[in-house]
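K.L.:
Our numbering numbers the first residue of the sequence shown as 171 and each following residue consecutively. For every residue, glycine included, the Cβ atom is placed at its ideal position computed from N, Cα and C.
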Amino acid sequence: MEQMQQFLEWIEESDNIVFFGGAGVSTESGIPDFRSVDGLYNQEYDYPPETILSHSFYLKNEPEFYRFYRKKMLCLDAKPNAAHRMLAKLEEAGKLKAVITQNIDGLHQAAGSKEVLELHGSVHRNYCQRCQKLFDARYILNSEGCPTCDACGGDVKPDVVLYEEGLDDYTMRKSIQYIANADILIIGGTSLAVYPAAGLIDYYRGNKLVLINTSTTPMDSRANLRIEGKIGEVLSQIKL
Ligand code: NAD
171 MEQMQQFLEW
181 IEESDNIVFF
191 GGAGVSTESG
201 IPDFRSVDGL
211 YNQEYDYPPE
221 TILSHSFYLK
231 NEPEFYRFYR
241 KKMLCLDAKP
251 NAAHRMLAKL
261 EEAGKLKAVI
271 TQNIDGLHQA
281 AGSKEVLELH
291 GSVHRNYCQR
301 CQKLFDARYI
311 LNSEGCPTCD
321 ACGGDVKPDV
331 VLYEEGLDDY
341 TMRKSIQYIA
351 NADILIIGGT
361 SLAVYPAAGL
371 IDYYRGNKLV
381 LINTSTTPMD
391 SRANLRIEGK
401 IGEVLSQIKL
C-alpha cells in the first residue's frame with residue numbers, strides 16, 4: 171500500500187513526531203469508544219454517555235453517574251496494546267516528542283510513555299473535594315454509591331474533565347506547543363468531534379499530517395496521508 175510506504179519513510183526520517191489520539195487507541199485493549207459500532211453510543215443506556223459524563227448530570231444525579239462510570243469507564247484490567255507500546259518505543263528512540271491524548275485510561279503511561287499530556291484527565295487520580303486527599307481508581311471501583319473520603323468524609327471526585335468543564339490550561343498550552351513545532355503529526359483513533367480537543371489540529375503547521383482511523387472523520391480532507399485501519403496494526407509495522 172502506497173500510503174503505508176510513505177508513512178514508514180516519514181517516520182524513519184523524523185525525530186520530531188507528535189501523536190494525538192482518542193478512544194480508538196484503546197479499543198484494541200478492550201475498552202469501548204463512544205462512536206464505533208460497538209461503542210457506548212450504541213449500547214442500551216437511558217442517556218447518551220456524554221450526558222451522563224457531564225458536569226450538570228454529575229451534580230444532579232451522582233449515584234447514576236457513578237454506576238455508569240464504574241461499569242464503563244473503569245476498565246482497570248485493560249493492558250496496553252501494540253499502539254501504546256510502539257508510541258512508547260518511538261519516544262525512547264528519541265523520535266517522538268509527546269503523546270497528547272483524550273483518553274483517561276492511563277494506558278500510555280502503563281506502556282512506558284513519559285511525556286503524556288492528558289487533555290481529559292485520568293481515572294487514576296481521584297481527589298477529596300474537601301481535604302484534597304488522593305485516591306487510586308480501585309478506591310472508586312470498590313466504593314458504593316457516591317465515594318467519600320476515608321479521612322474527612324468529603325466527596326471524592328475523579329480528576330476527569332467532564333463535558334461542560336474546562337480543560338487544564340497548562341496541558342492545553344503544552345499540547346499546542348508540541349503540535350505547532352511538530353514535523354509529523356499523527357492523529358489516530360479519534361472521531362475529532364469533541365471540542366476543544368479536536369481544534370488542536372489547527373495548530374499544526376507542517377505538511378506531514380497523518381490520520382489513522384478505522385472510519386472517516388470530518389477532518390479527513392486536512393490529512394496529507396490517510397491510513398484506514400486499526401491503529402495497533404498500523405503502528406506495529408514501524409521498524410525501529
Ligand atoms: P470517539 O469514540 O468519538 O471516536 C473514536 C474513533 O476511533 C472513531 O472515529 C473510530 O472510528 C476510531 N477507532 C475505533 N477503534 C479504532 C482502532 N482500533 N484504530 C483506529 N481507529 C479506531 O472517541 P474520541 O474522539 O476520543 O472522543 C470521545 C471522548 O470520550 C474523549 O473525550 C475521551 O476522553 C472519552 N473516552 C475515553 C476512553 C478511554 O479513556 N479509553 C474511552 C471512551 C471515551
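(1) Between the Cα of residue 238 and the Cα atoms of 216, 259, 333, 379, which residue gives the shortest distance?
(2) For residue 409, which residues of its own chain have a beta-carbon under 7 Å away from its beta-carbon, when the five flanking residues on both sides are left out?
(3) Going by DSSP, which residues form a beta bridge with residue 286?
(4) Where does residue 189 fall in DSSP's three states?
(5) Hey, quick one: how far does the alpha helix (DSSP H) through residue 312 stretch, first residue to last?
(6) Are the beta-carbon atoms of residue 270 and residue 189 separated by less than 9 Å?
(7) Can you tell which of 272, 253, 172, 199 has the C-alpha that lies nearest to the C-alpha of residue 365?
(8) Indicate whether residue 196 and residue 290 have their beta-carbon atoms separated by less than 9 Å.
(9) Assign residue 397 to one of three DSSP states: helix, strand, or coil.
(10) Looking only at C-alpha atoms, which of 242, 191, 328, 330 sits nearest to residue 411?
(11) With 16 as the cutoff for other CB atoms within 10 Å, does residue 179 come out buried or exposed?
(12) Could you please give me the residues that DSSP links to residue 298 through a beta bridge?
(13) Say whether the region 286-300 touches the region 320-333, bearing in mind that this needs 3 or more beta-carbon pairs closer than 8 Å, one atom from each stretch.
(14) In angstroms with no decimal places, state the Cα-to-Cα distance between residue 397 and residue 220.
(15) Run the proximity test for residue 384: is its beta-carbon closer than 8 Å to any non-hydrogen atom belonging to the ligand NAD?
(16) Any heavy atom of the ligand NAD closer than 8 Å to the beta-carbon of residue 391?
(17) Considering only heavy atoms of the ligand NAD, does any lie closer than 8 Å to the CB of residue 395?
(18) So, do the region 224-236 and the region 303-320 have three or more beta carbon pairs nearer to each other than 8 Å?
(19) Residue 229 by DSSP, collapsed to three states: which one?
P.N.:
The answer reads as follows:
(1) Counting from one through the sequence shown, the residue named residue 238 turns up at place 68. The option with the nearest alpha carbon to residue 238 is 216.
(2) By 1-based counting over the sequence shown, the position of residue 409 is 239. The answer is none, since no qualifying residue turns up.
(3) Locating residue 286 in the sequence shown gives position 116, counting from the first residue. DSSP lists 269 as partners of residue 286.
(4) Position 19 of the sequence shown, counted from the start, is the residue given in the question as residue 189. If DSSP states are grouped into helix, strand and coil, residue 189 belongs with the strands.
(5) Taking the sequence shown and counting its residues from 1, the one referred to as residue 312 is at position 142. 307-312 is the span of the alpha helix (DSSP H), which, as asked, contains residue 312.
(6) Your numbering for residue 270 matches position 100 in the sequence shown. Your numbering for residue 189 matches position 19 in the sequence shown. Yes, the Cβ-Cβ distance between residue 270 and residue 189 is below 9 Å.
(7) Walking along the sequence shown from the start, residue 365 turns up at place 195. Residue 272 is the option with its Cα nearest to residue 365.
(8) As a working note, residue 196 is residue 26 in the sequence shown. As a working note, residue 290 is residue 120 in the sequence shown. No, the Cβ-Cβ distance between residue 196 and residue 290 is not below 9 Å.
(9) Start at 1 with the first residue of the sequence shown, and residue 397 comes out as number 227. Residue 397: strand per DSSP, three-state reduction.
(10) Residue coverage of the chain in this structure runs from 171 to 410, which leaves residue 411 outside it and unanswerable.
(11) Working through the sequence shown from its first residue, we reach residue 179 at position 9. Exposed, by the Cβ-count rule.
(12) Sequence index remark: in the sequence shown, residue 298 carries index 128 (1-based). Answer is 326.
(13) yes
(14) By 1-based counting over the sequence shown, the position of residue 397 is 227. By 1-based counting over the sequence shown, the position of residue 220 is 50. Their Cα atoms are separated by approximately 28 Å.
(15) The residue labelled residue 384 in the question sits at position 214 within the sequence shown. Within the cutoff, so yes.
(16) The residue given as residue 391 occupies position 221 in the sequence shown. Answer for residue 391: no, Cβ out of range of the ligand NAD.
(17) Walking along the sequence shown from the start, residue 395 turns up at place 225. It does not: the Cβ of residue 395 is nowhere closer than 8 Å to a heavy atom of the ligand NAD.
(18) yes
(19) Here residue 229 refers to the residue found at position 59 when the sequence shown is read from its first residue. Residue 229 falls in the helix class under three-state DSSP.
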